[in-house]
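A.B. asks: Residue numbers (the numbering used here): 5 to 342.
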Ligand SMILES: [Zn+2]
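1) Report the rounded CA-to-CA distance for residue 183 versus residue 58, giving the unit in angstroms.
2) Looking at residue 89 and residue 302, is the spacing between their C-beta atoms short of 9 Å?
3) Within a Cβ cutoff of 8 Å, which residues of the same chain sit near residue 19, ignoring the five residues on either side of it in sequence?
4) Going by the DSSP bridge assignment, what does residue 313 pair with across the sheet?
5) Is there at least one non-hydrogen atom of ligand 1 closer than 8 Å to the beta-carbon of residue 179?
6) Helix, strand or coil, according to DSSP, for residue 334 in the structure here?
7) Spell out the partners DSSP gives residue 227 in its beta bridges.
8) Candidates 114, 44, 306: which alpha carbon is nearest residue 202's?
9) Report the option in 11, 66, 96 whose CA atom is closest to the CA atom of residue 83.
10) If you drop the 5 nearest sequence neighbours on each side, which residues of the same chain put their C-beta closer than 7 Å to that of residue 310?
11) Report yes if the CB atom of residue 100 is closer than 9 Å to the CB atom of residue 137, and no otherwise.
12) Could you tell me the distance, in whole angstroms, from the CA atom of residue 42 to the CA atom of residue 49?
13) Tell me, please, which residues DSSP counts as bridged to residue 86.
14) Given this structure, state the Cα-to-Cα distance separating residue 162 from residue 14, to the nearest angstrom.
15) Could you name the residues whose beta carbon sits closer than 7 Å to any heavy atom belonging to ligand 1, keeping them in chain order?
16) So for residue 103, helix, strand or coil by DSSP?
17) In terms of residue numbering, what span does the alpha helix (DSSP H) encompassing residue 35 cover?
18) Using only CA atoms, which one of 273, 125, 159, 85 lies nearest to residue 227?
19) Hey, is the segment 24-31 in contact with the segment 72-80, meaning 3+ C-beta pairs nearer than 8 Å?
20) Pull up the distance between the alpha-carbon of residue 71 and that of residue 92, whole angstroms please.
21) Between the Cα of residue 98 and the Cα atoms of 10, 149, 236, which residue gives the shortest distance?
22) Out of 298, 333, 223, 105, state which residue places its alpha-carbon closest to the alpha-carbon of residue 208.
23) Does residue 328 pass the burial test, meaning 16 or more other C-beta atoms within 10 Å, or should it be called exposed?
24) Distance check for residue 288 and residue 134, CA to CA, integer angstroms please.
25) Along the chain, where does the alpha helix (DSSP H) that runs through residue 15 open and close?
26) Closer than 8 Å by C-beta to residue 279: which residues in its own chain qualify, once you throw out the five before and the five after it? Chain order, please.
27) Which residues bound the beta strand (DSSP E) around residue 128?
28) Express the C-alpha separation of residue 169 and residue 330 in angstroms, rounding to a whole number.
29) Among the candidates 230, 130, 254, 282, whose CA atom is the shortest distance from the CA of residue 38?
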């Protein structure tokens, strides 16, 4: 399809124009997380013609995702398709001209250099602060712009980070929020709010890609779509005593004290093992006597009441039905290996 046709309405918009469109088509963007925010971002940017997308997600599609994760459908949930793979497939149905790299992985200090290498801009669509601080360390270190965004309940927040120019995540939030943090799993979420945040993030991304840097917002923007509250906090300058962009200390990137097993919301525990390549056929035969097993090319699922284990080809596992790390570890050791 000639680009004049496909992107004609966007090229007409003076802020983009023909030159901007050419820049978009040669751009490389990484989207970290492909839940609700990531789905909306990926759809907007793929339709806008961002030529090379890396979509990174550690999880698989479930029925409870369909209320807000707009790239997925019932067949994806029935297959427990990894979200990154399902996203790539869906994008190919409406823009087959793009290069979409799907990475089914948990972004970690050990793999971040490899996974984000080559991306000129990183978009946050994760659901946790640990990954965001890791992305902040990486992007500040490599002087790469990134955009923070979060949504929960009816509340959305976003910040553009231009390392060396504007405030970074640590400038604004020196420490991750402590104690009970609201999440979509505990407080619910309006699908419209996710799309609102993702739309703002996608627009700022496009400004950066077409070179309209002077138009980029330099505040921490937050809003509550239910109460109609709205606020902006200045973020145009780094905080002088920021340990990340000031002193250039990158503890998250160094992976100091990172656990190998973490809670990942939704009554489940994740085991990050990556160096245990798994042959699904062989594992299927091994597990069959102990419960129901099902697998496709991308995931193997094993039901052993009251637990449900999802295994990925690199050995990573998500164990559902418990938040007890010891229980998860022992199930994994018993059925996969210790
Ligand atoms: Zn900073």
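The beta-carbon is built from N, C-alpha and C at its ideal position, and this holds for glycine as well.
All figures in this text were calculated on a predicted structure; none of them were measured in a lab.
C.D. replies: According to the structure shown:
1) Residue placement at residue 183 is poorly supported in this model, since its pLDDT is 48, which falls under 50; the coordinates are not used for a value here.
2) yes
3) 211, 214, 216, 219
4) 306, 323
5) no
6) helix
7) 160, 234
8) 44
9) 66
10) 325
11) no
12) 10 Å
13) 64
14) 24 Å
15) 144, 171, 172, 174, 175, 242, 243, 246, 248, 249, 250
16) strand
17) No alpha helix (DSSP H) contains residue 35, which is instead part of the beta strand (DSSP E) from 32-36.
18) 159
19) no
20) 19 Å
21) 10
22) 223
23) exposed
24) 33 Å
25) 12-16
26) 318, 319
27) 125-128
28) 44 Å
29) 130
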